[in-house]
Amino acid sequence: MPSIKPPQKAADEAKPRRAKGAAVDMDWDDDEESTHVYDREGNDKMPGRTTPLPNAGSPTIPKAAAALLASSGGAAPAARARTPIPTPPPIPSAPPIPDMGHRPLSRNDEPTAIRPRPATQQGAGKAGVILGGLALVAVLILAVVLLVPKKGALSIDLKTLGGASVARAEIFIDGQKRCDTVPCIVRDLDPGSKAVKILAPDFPPRDAVEVVEGGKEKVVVITLDSAGPARSAATGLKIAGTPGVKVLVDGVEKGTLPVEVSVPPGEHKIRFDGGERYEPLEKTVEVGQGEAKDLGTVALKVVKGQLTLDLATSGASVKLVNAKGTEKKLPDSAWKKPPVKVDVNPSEGWKVVATKRGYEDFSQPISFEDGQAEKTIQIALAEVSKPEPAAPAPKAEAVAAAPRPEAPAAAPKAEAQAAAPAAAAGAATLNINSIPVSKVVLDGRPLGSTPKVGVSVPAGSHTVTFIHPELGKKSVTVSVKAGETKTAAVKFD
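Each residue of the sequence shown is one higher than the last, beginning at 509 in the working numbering.
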């Protein structure tokens, strides 16, 4: 915007001008610090005097004053009456500002007019506003993530005082029902204390308070007291047996053996399921009011046993033979990574047979006790004992004058009779086993626990005693001949 030149004072027009010579109009503004000199448009020389000369007879100007006027370029008019001030001419437009180039402006060159501020770029301002808004949104999102609490979860499991699992129950959290079965996993819970209420069949109500932590799943195990104030006496079942066997009461799973189950009075159908290795078993029991019935130990019949074979005599050939004569030979490569495990059906009458040259044959039946689907057999073969050779009989010399020629012939008979007791005194072998495992005493000499394979004994009669800490004691008598192998085995009922 161009600078505006302030209007000249009206008195400038009334100033006297010299009639002759050039004159310079010099204006001072008391309010400005700098002095501006402007050339007047038109002729540089002053026009002729327009003011009238003083009249004749007017007082003369002193010499000092005349000299001052002459030095200032003109004489001041004589004092006279005030004349009206003429109307000032229109304000001329400011001259164009010359191009100053890159020369720095001095203070004397600065115009007195107020200069407007340079306009800011609108594009830069909008970009700043957008960036500021995005930064604010990011801060708000971060604050929400950090300050808003995360959700938590509860995993609730129920147990009886005996450690048995409770399969069904109504579970309430803060008065709202969340589960019908156990375990109960409830997610998306606000952090803080939660009131938990348990309503399980045959158990009194149970209340608990649990604390939920944000971003975590808390595992809670609540024990139900079957002998609570709501029950005058405990009514239920107590069952022991093979660990891992499932127990179902009236079609509802109640846990695995051993287990204690609370049931209402009356008749109940119980099913035991041991998986593929056991035959399922079902029982029907009657439970009276306040009765805690103990069913004792439940042992399921084995239908698929697992046999573990340990070969103590290396190089022996091992095979399985059933009652129908079907044979299954175990390859030699199977023994490179002992022990060898084989699944068998006990009802097919299998036995283990092992042979090796120079050793007694090994044979042992395979049987599984109820409730025990795993069994280990050690295969150890005994070397064949070699009987000592009999001494040759001396040859009889013929005597011409012998009165009794038959006497020397009786000597071989006597030697044959002496060799018979020697053969009877040779070594024999016993294989000793029992079901279940028991302690063994052979002819009054303890041997340890069964099975015992390849026990060397002298030929003759021997007594084997089996001792079980719970099932009692049994004894068998075995007679073996020299070089013979026999088995002494018992099964406790």
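Think of the CB as a built atom: it goes at the ideal place given N, C-alpha and C, for glycine as much as any other residue.
Given the structure is predicted, the values throughout are model-derived calculations rather than measurements.
Residue(s) in a DSSP beta bridge with residue i
i: Ile747; result: Val767 and Gly804
i: Leu648; result: Beta-bridge pairing links Leu648 to no other residue.
i: Gly980; result: His976
i: Gln814; result: Asp851 and Glu882
i: Ile664; result: Cys692 and Val728
i: Val988; result: Gly968
i: Ser825; result: Thr863
i: Ala716; result: Val704
i: Pro873; result: Lys859
i: Asp758; result: DSSP output for Asp758 lists no bridge partner at all.
i: Ser841; result: For Ser841, which the question treats as bridged, DSSP gives no partner whatsoever.
i: Arg779; result: Leu756 and Glu790
i: Gln797; result: The partner list for Gln797 (beta bridge, DSSP) is empty, contrary to what the question assumes.
i: Gly956; result: Val948
i: Thr993; result: Thr937
i: Ser893; result: None, per the DSSP bridge assignment.
i: Lys659; result: Answer is none; Lys659 lacks a bridge partner.
i: Gly774; result: Val795
i: Arg676; result: Thr689
i: Glu835; result: Val829
i: Leu642; result: Beta-bridge pairing links Leu642 to no other residue.
i: Lys999; result: Ile943
i: Val961; result: In DSSP, Val961 forms no bridge with anything.
i: Leu697; result: Gly660
i: Leu669; result: None; Leu669 has no bridge partner.
Chain-order list of residues whose beta-carbon lies under 7 Å from that of residue i (same chain, five-residue window excluded)
i: Ala918; result: Low per-residue confidence applies at Ala918: pLDDT is 43, beneath 50, and the placement is therefore not dependable enough to give any value.
i: Leu838; result: Val826, Lys827 and Val848
i: Glu799; result: Thr743
i: Thr750; result: Leu765, Gly782, Ala807, Leu808 and Gly879
i: Val986; result: Leu938, His970, Val972, Lys994 and Ala996
i: Asp758; result: His776 and Lys777
i: Glu794; result: Glu775
Chain-order list of residues whose beta-carbon lies under 6 Å from that of residue i (same chain, five-residue window excluded)
i: Gln797; result: Pro773
i: Gly857; result: Asn830 and Ala831
i: Cys687; result: Ile679
i: Ala908; result: Because the pLDDT of Ala908 is 42, which lies under 50, any placement of that residue in the model is unreliable, and the number read from its coordinates should be weighed accordingly. Taken in chain order, the list of residues that qualify is empty.
i: Pro959; result: Asn941
i: Cys692; result: Ile664 and Ile679
i: Lys982; result: Phe974 and Val998
i: Leu950; result: Val972
i: Val965; result: Ala936 and Leu938
Candidates the options, of which the one nearest residue i by Cα
i: Phe1000; options: His776, Gly991 and Ser875; result: Ser875
i: Thr821; options: Glu768, Gln886 and Pro788; result: Gln886
i: Gly980; options: Val998, Lys989, Val988 and Asp682; result: Val998
i: Thr973; options: Pro699, Ser942, Thr834 and Lys859; result: Ser942
i: Ala996; options: Thr971, Ile975, Ala990 and Glu978; result: Thr971
i: Val802; options: Thr764, Lys777, Ala748 and Tyr786; result: Per the sequence shown, the amino acid found at residue 802 is Asp instead of Val. That would be Ala748, whose Cα lies nearest to the Cα of Asp802.
i: Glu877; options: Lys989, Asp682, Gly640 and Glu787; result: Glu787
i: Gly866; options: Gln880, Lys659 and Leu889; result: Leu889
i: Thr834; options: Ala716, Lys859 and Leu789; result: Lys859
i: Ala936; options: Asp951, Gly956, Gly968 and Phe711; result: Gly968
i: Pro977; options: Ser957, Gly763 and Glu868; result: Ser957
i: Thr884; options: Val717, Lys844 and Val945; result: Val945
i: Gln872; options: Val961, Val948, Ser841 and Asp840; result: Val961
i: Ile706; options: Glu992, Gly700 and Gly683; result: Gly683
i: Pro712; options: Val719, Thr668, Asp696 and Val720; result: Thr668
i: Gly991; options: Leu955, Glu891 and Arg953; result: Glu891
Residues of its chain near residue i, where Cβ-Cβ distance is below 8 Å and the 5 sequence neighbours each way are ignored
i: Ala708; result: Leu666, Val674, Arg676, Ala677, Glu678, Arg714 and Leu732
i: Asp851; result: Lys812, Gly813, Gln814 and Leu815
i: Glu761; result: Ala675, Lys754 and Val755
i: Arg785; result: Val810, Val811, Lys812, Gly813, Gln814 and Ala881
i: Lys685; result: Glu678 and Ile679
i: Asp869; result: Val861, Ala862, Thr863, Leu889 and Thr993
Cutoff 9 Å: residue i Cβ touching any chain D Cβ
i: Arg953; result: Protein chains in the displayed structure number just one, and chain D is not present.
9 Å Cβ cutoff met for residue i and residue j
i: Pro854; j: Asp818; result: no
i: Ser825; j: Ala862; result: yes
i: Ala672; j: Val753; result: no
i: Gly670; j: Lys746; result: yes
i: Lys702; j: Leu662; result: yes
i: Ile681; j: Val694; result: yes
i: Asp698; j: Lys659; result: yes
i: Val729; j: Val717; result: no
The stretch 771–782 in contact with the stretch 714–728 per 3-pair CB rule at 8 Å: no
Meets three-Cβ-pair contact criterion under 8 Å: the stretch 800–813 and the stretch 823–838: no
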